[in-house]
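*Asks:* Pasting a structure below so you can have a look.
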Amino acid sequence: MLSKHTKPGYNILAEIIQLGPTLYIEPAHPEDVPAIVAVHQESLATSGAYDEPQFGVTKEALRTFVDGEFAQRKQEYWRAAIAGGTGVFVARHSIDNCSSVIGFGAGQDLQPGVSKLSALYVHPDYQQKGVGTALLQKVLVSLKEPIVRLDVARWTGAVLFFTAQGFTATNKPISTPDPPKAYGIMLELIEMEMMRHG
Ligand SMILES: CC(C)(COP(=O)(O)OP(=O)(O)OC[C@H]1O[C@@H](n2cnc3c(N)ncnc32)[C@H](O)[C@@H]1OP(=O)(O)O)[C@@H](O)C(=O)NCCC(=O)NCCS
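Spelled out as structure tokens, the structure:
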């Protein structure tokens, strides 16, 4: 699964250590919700999900959306998810006794045989440093069912990330109750899945 990280000169642990022994991943607490939402906002705003010219969503309009209705909705969503027992994990980075949430991931067992990765977001300042991989591993070991599915915005680097992690597109139609909708434009999502081993 981490085969691409075995290329010469790349070591996932080294990347994590580069953030320090100061990076750690643990279950989220209700008081993490504002920081989780802040990461969600920054990550979505820079994910490229709405960058396609046909969407006609400007960076300014996306920012307004992400800072407004989206943030409000996600406060409630993540509060309920943590309270409701969805496995939500945060990546924390601490310096000088000050700890900040730099990423989060969430997943739950959906039905016999199938679990779902419902979110994986890393703050843009900390992307491409192994944090997303570490968070994904933590969520995956918390899930029991062998098939793991997720919905991901088609136009993002996240599709490449999940492909590198062993997920493949299912080409099935998606029904997601809560896709972000900026200025009336629904995110174009694709479903990916992988079979967990062990
Ligand atoms: C997708 C995401 C969670 C990955 O987290 P991350 O910490 O950046 O990922 P990692 O550093 O662990 O892994 C990096 C690897 O993933 C791939 N990858 C990650 N982001 C990528 C991007 N934007 N474009 C291309 N490949 C990417 C690369 O293969 C990379 O490997 P490399 O460093 O050997 O080149 C993060 O980029 C993110 O939050 N994106 C925006 C939000 C989003 O779309 N989330 C998914 C919705 S559920």
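Just so you know, we're using numbering that gives the first Met the number 0 here: the sequence shown kicks off at 0 and counts up by one.
Cβ coordinates follow ideal geometry from the N, Cα and C atoms, glycine included.
Keep in mind it's a predicted model, so treat the numbers as computed, not measured.
Please check the pair A105 and S117, which I expect to be a contact at CB under 8 angstroms, by giving their CB distance rounded to whole angstroms.
*Replies:* With a Cβ gap of about 5 angstroms, A105 and S117 count as contacting.
*Asks:* What residue ranges within the region 13–85 form continuous beta strand (DSSP E) runs of no fewer than 3 residues, ordered along the chain?
*Replies:* With a minimum length of 3 residues, the continuous beta strand (DSSP E) runs that stay inside the region 13–85 are 22–26.
*Asks:* Between A60 and ligand 1, is the CB less than 7 angstroms from at least one heavy atom?
*Replies:* For ligand 1, not one heavy atom lies less than 7 angstroms from the Cβ of A60.
*Asks:* One question on the structure: do I146 and A168 come within less than 8 angstroms of each other, judged by their Cβ atoms?
*Replies:* Taking 8 angstroms as the Cβ cut-off, I146 and A168 do not qualify as a contacting pair.
*Asks:* Ends of the alpha helix (DSSP H) at F160?
*Replies:* Here the alpha helix (DSSP H) through F160 covers 156–163.
*Asks:* Between G207 and the rest of its own chain, which residues show a CB-CB distance below 6 angstroms, the 5 nearest in sequence each way excluded?
*Replies:* The structure shown does not extend to residue 207, since the chain is modelled only from 0 to 197, so the question has no answer here.
*Asks:* Going by C-alpha to C-alpha distance, which of R195, K180, M191, K128 sits closest to A60?
*Replies:* Selected option, being the one with the closest Cα: K180.
*Asks:* Return the residue from the list K73, Q127, A133, R195 that minimises the CA-CA distance to G165.
*Replies:* Selected option, being the one with the closest Cα: R195.
*Asks:* Which whole-angstrom value is the C-beta distance of S40 and D66, which I expect to be below 8 angstroms?
*Replies:* Sequence inspection shows Gln at residue 40; the Ser mentioned does not correspond to that position. About 7 angstroms; that satisfies the 8 angstroms criterion.
*Asks:* Between the alpha carbons of K3 and Y125, how many angstroms are there, rounded?
*Replies:* For K3, the pLDDT reaches just 35, beneath the cut-off of 50, and the residue's location in the model is therefore unreliable, although a value from the coordinates is still provided. Straight-line Cα distance between these residues: approximately 19 angstroms.
*Asks:* Using the rule of at least 16 other Cβ atoms within 10 Å of the residue's Cβ for burial, across every protein chain shown, is D31 buried or exposed?
*Replies:* By the 10 Å Cβ count, D31 comes out buried.
*Asks:* Considering only heavy atoms of ligand 1, does any lie closer than 7 angstroms to the CB of F69?
*Replies:* No, Cβ of F69 sits at least 7 angstroms from all heavy atoms of ligand 1.
*Asks:* Under the assumption that L149 contacts M191 (Cβ atoms under 8 angstroms), give the Cβ distance between them as a whole number of angstroms.
*Replies:* Their Cβ separation, rounded to whole angstroms, is 6 angstroms, which keeps L149 and M191 in contact under 8 angstroms.
*Asks:* Sorted by chain position, which residues of the same chain lie with C-beta nearer than 6 angstroms to I173's C-beta, five sequence neighbours on each side aside?
*Replies:* Contacts found: D150, L188, E190.
*Asks:* Can you tell me whether D124 is helix, strand or coil according to DSSP?
*Replies:* Note: D124 maps to helix in three-state DSSP.
*Asks:* How big is the Cα-Cα spacing for N10 and T132?
*Replies:* Summary for N10: the model assigns pLDDT 42, below 50, so the residue's position carries little reliability, and this model does not support an answer.
*Asks:* Report whether the distance from the Cβ of T155 to the nearest heavy atom of ligand 1 is below 7 angstroms.
*Replies:* Yes, since a heavy atom of ligand 1 falls inside the 7 angstroms radius drawn around the Cβ of T155.
*Asks:* With a CB to CB cut of under 8 angstroms and the five nearest residues on each side skipped, what residues in its chain are close to S99?
*Replies:* Here the set comprises A34, R91, H92, S93.
*Asks:* Could you tell me the distance, in whole angstroms, from the CA atom of P28 to the CA atom of Y76?
*Replies:* Note on identity: in this sequence residue 28 is His, with Pro being the wrong assignment. Between H28 and Y76, the C-alpha separation is close to 14 angstroms.
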